[in-house]
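All you need for the numbering used here is the position in the sequence shown, starting with 1, plus 4. Positions of the beta carbon are idealized from the N, C-alpha and C atoms, including for glycine.
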Amino acid sequence: MEAWNDEQRVRPIPIDDDESSSSEPVRRASEDGNGPKRPWLPLVLAGIAVVIVVGSVGAFGAIQDDGPPSRDIAALTSATTAPDSSPTTTLGDSLGETIPGVQDRLTLIVIGDDGPAALLWDPSFILPKEIPLDTDPLDDAVYSASFDSGGRFIALAADIPGSIGSALYIGIPTDVGAVDLADVDSHVWHATEVGRLAWIGRASDGTKHLRTAKANPLGKSLTQAIDHGPIGDGEHLVRWDSRGFILADGTERVVLRDNESGLIATIDGTAVATSATTIVTAPAGSDPLRLTSATLRSRTGDIVETLDVEALGPSETEVDERIRTFSMSRNSDLLARIDVDPTRTRIEVRGPSLSALRILQHHDDVPPIGFTSNDRYFVFASDGNNDLVFVDWNIGSIHDLAIPDEYKVIAFDLG
C-alpha cells in the first residue's frame, strides 16, 4: 500500500490539541483543476435539532418481559406514565432536569432557515448555544452528518442531485470547513479511534478506491492518508473498526475486509446492523423495513443465531407507513428491534449483559435514530424529525425535547 495524495484542498479551522503528524496534508481536489466546478458545502447526517423547548416527561409502558429483569419495569413505568404522552411546552428546566442522568454536553447539528448550525447544550443550560456553520449555501443539497467516536470531529456531507458522489467536509462541530473532499461515494468514522475516517472516492481513471486518513488538529488537514486500492463499483462502507471494514454491495451481498483491505468473506444478504463482534443480516433482496427474519453472524461471517420474528400485521391505513428496523449500540452488543406504525412504537432490547429482554411500547409514531454513546438511552425522532425522544430503555421512562419547526436535526452526540 502506498500513501495517497490526491491533492485535496484545505482551509484552516481552530482546533486546540497537542497532537501532530509528519505526514503531508491532503489538499483540495480543485487545486489541480480536476475538482468539481460547484460550490462546496458542509455535509450533515441523520440527526436532530433546535432552539429547544423542553417537553414533559412521559413513559414507555412495559408490555412484556421474558424473565426477571434487573428492575421492575412495569412498576416503574406505571408510576411515571402521564395521561397524555404529548409534550407540553414549558420553559425553565435545564437539560439535566429534563433528561435525568445526563451529565455531558449534547451537541446537535441542524439545518435551519439560514443553513447548517451547531447547537451546544450543557446539562445546566435551559436552552442551547447556537453557532452558525460557515458554509456555502446550496438550496437543493441533501445534508447528512456524523460524529467520530469521541464526538470531537464531524463529517458533513452534501449530496447534490445529478452529481457523482457527495461533497464531504471534515472539521469540528463549530467549524466544519477544515478539509473538503470531492466525489465521495460513502464514508464512516472508525468505531473507536478518534479522528480516523474511511471513505470511498474516485481515482483519476474513474474507479472507486477505499481510502483512510486521520484528522490532524494542528495541521487542520487529513494526514496518514492511505489508498487501500480499488473496490467493487457497487460497494459502500457500513463500518470500520480494529477488525477491518464492513461493506455492502446493494441489498444482495455483505463484504468483509481486513485493515489491509484483504478479503475475509462475502455473505449473501443485506447488512441490517453491525457491532464490534456481530453482523445482523437479512435475506438478499428483502425489504429492510419489513423484516420477518434476520441472522446474527460473527465478524468472520459464521452464523451465530437466526432471529425469526412475526410479520407485521395488516395495515390499518390506506398508506402502509409501518417499518421494522434493527439497531446495535456502538460500543457493545446491545441489539434493538423497533416496530413502528402510525399509532405506536415498540422497542425490544436484547444483549449479553441482560438477564431478560426489555420490551417496551410507546403510544405514538416515533421513528428510531439509535443508542447514545453510553448505551443508556435509545433516541427516537418525533414531530416530523424535529423533536428528540430519549428513552431510558432499562426502566421505561421517556423524556422529550421539543424543537422549533424551523430546525431539522441531522446528527447529535451526547458526551
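Can residue i and residue j be called in contact, C-beta distance under 7 Å?
i: A288; j: G305; result: no
i: L295; j: R257; result: no
i: I158; j: A171; result: no
i: P165; j: D187; result: no
i: S333; j: D312; result: no
i: L241; j: A217; result: no
i: T111; j: D379; result: no
i: Y411; j: V114; result: yes
i: A277; j: S190; result: no
i: I174; j: A219; result: yes
i: I373; j: N390; result: no
i: D231; j: R243; result: no
i: V428; j: L137; result: The displayed coordinates of the chain run from 5 to 419. Any statement about residue 428 would go beyond what the structure contains.
i: R362; j: D345; result: no
i: G238; j: G248; result: no
Spell out the partners DSSP gives residue i in its beta bridges.
i: K133; result: L124
i: E309; result: L300
i: P234; result: H213
i: G155; result: In the DSSP output, where bridge partners are listed per residue, G155 has none listed.
i: V413; result: V114
i: D163; result: V146
i: T270; result: V259
i: T227; result: K218
i: G248; result: D245
i: L418; result: L110
i: I204; result: S190, L214
i: I407; result: Answer by DSSP bridge pairing: none, since I407 is not bridged.
i: T285; result: A275, T299
i: E197; result: Its beta-bridge partners do not exist; DSSP assigns none.
i: T422; result: Outside the shown range of the chain, which is 5 to 419, sits residue 422, and nothing can be said about it.
i: A171; result: A162
Can you tell me the Cα-Cα spacing of residue i and residue j, whole angstroms?
i: P127; j: L392; result: 16 Å
i: H403; j: I130; result: 15 Å
i: T347; j: P221; result: 47 Å
i: A415; j: A122; result: 10 Å
i: S208; j: G400; result: 53 Å
i: D369; j: R350; result: 9 Å
i: D117; j: E309; result: 47 Å
i: I103; j: F394; result: 8 Å
i: Y147; j: L160; result: 7 Å
i: V269; j: L339; result: Note that residue 269 corresponds to Ala in the displayed sequence, not to Val. The straight-line gap from Cα to Cα measures roughly 23 Å.
i: L405; j: F151; result: 20 Å
i: D108; j: A252; result: 34 Å
i: G236; j: R261; result: 12 Å
i: K224; j: A195; result: 22 Å
i: A286; j: D97; result: 43 Å
i: D409; j: A162; result: 21 Å
i: R354; j: R341; result: 9 Å
i: E101; j: L226; result: 39 Å
i: I135; j: L99; result: 18 Å
i: A229; j: W203; result: 11 Å
i: L364; j: S386; result: 17 Å
i: V58; j: E197; result: The pLDDT assigned to V58 is 35, lower than 50, so where the model puts this residue is not dependable, and the model offers no usable value.
i: S377; j: G155; result: 9 Å
i: A275; j: F375; result: 18 Å
i: R301; j: S265; result: 20 Å
i: T281; j: N335; result: 10 Å
i: I307; j: W397; result: 28 Å
i: L267; j: G119; result: 41 Å
i: G419; j: P132; result: 15 Å
i: V259; j: T299; result: 15 Å
i: L293; j: N263; result: 31 Å
i: L358; j: D291; result: 29 Å
i: H366; j: V413; result: 21 Å
i: P73; j: D343; result: In this prediction, P73 scores a pLDDT of 36, lower than 50, which makes its location untrustworthy; no coordinate-derived value is stated.
i: I168; j: E352; result: 39 Å
With residue i and residue j assumed to form a contact (beta carbons below 8 Å), what rounded beta-carbon distance in angstroms separates them?
i: K212; j: P234; result: 6 Å
i: S246; j: D337; result: Contact doesn't hold; Cβ gap of about 15 Å is too wide.
i: G199; j: L185; result: Not really, about 15 Å apart at Cβ, beyond 8 Å.
i: I271; j: R303; result: Contact flag wrong, Cβ pair sits at about 11 Å.
i: F382; j: P371; result: Contact flag wrong, Cβ pair sits at about 12 Å.
i: S153; j: W125; result: About 20 Å separates the two Cβ atoms, so there is no contact after all.
Are any of the Cβ atoms in chain B nearer than 7 Å to that of residue i?
i: R303; result: Absent from the structure: chain B. Only one protein chain is present.
May I ask whether a heavy atom of the ligand COA can be found less than 6 Å away from the beta carbon of residue i?
i: I113; result: Within the structure as shown, the ligand COA is missing, as the structure has no ligands at all.
Problem set entry | 3-residue-minimum beta strand (DSSP E) runs that sit fully inside the segment 339-404, ordered along the chain | Restricted to the segment 339-404, the beta strand (DSSP E) segments that are unbroken, complete and at least 3 residues in length are 339-345, 348-354, 362-366, 372-375, 381-386, 391-396, listed in chain order.
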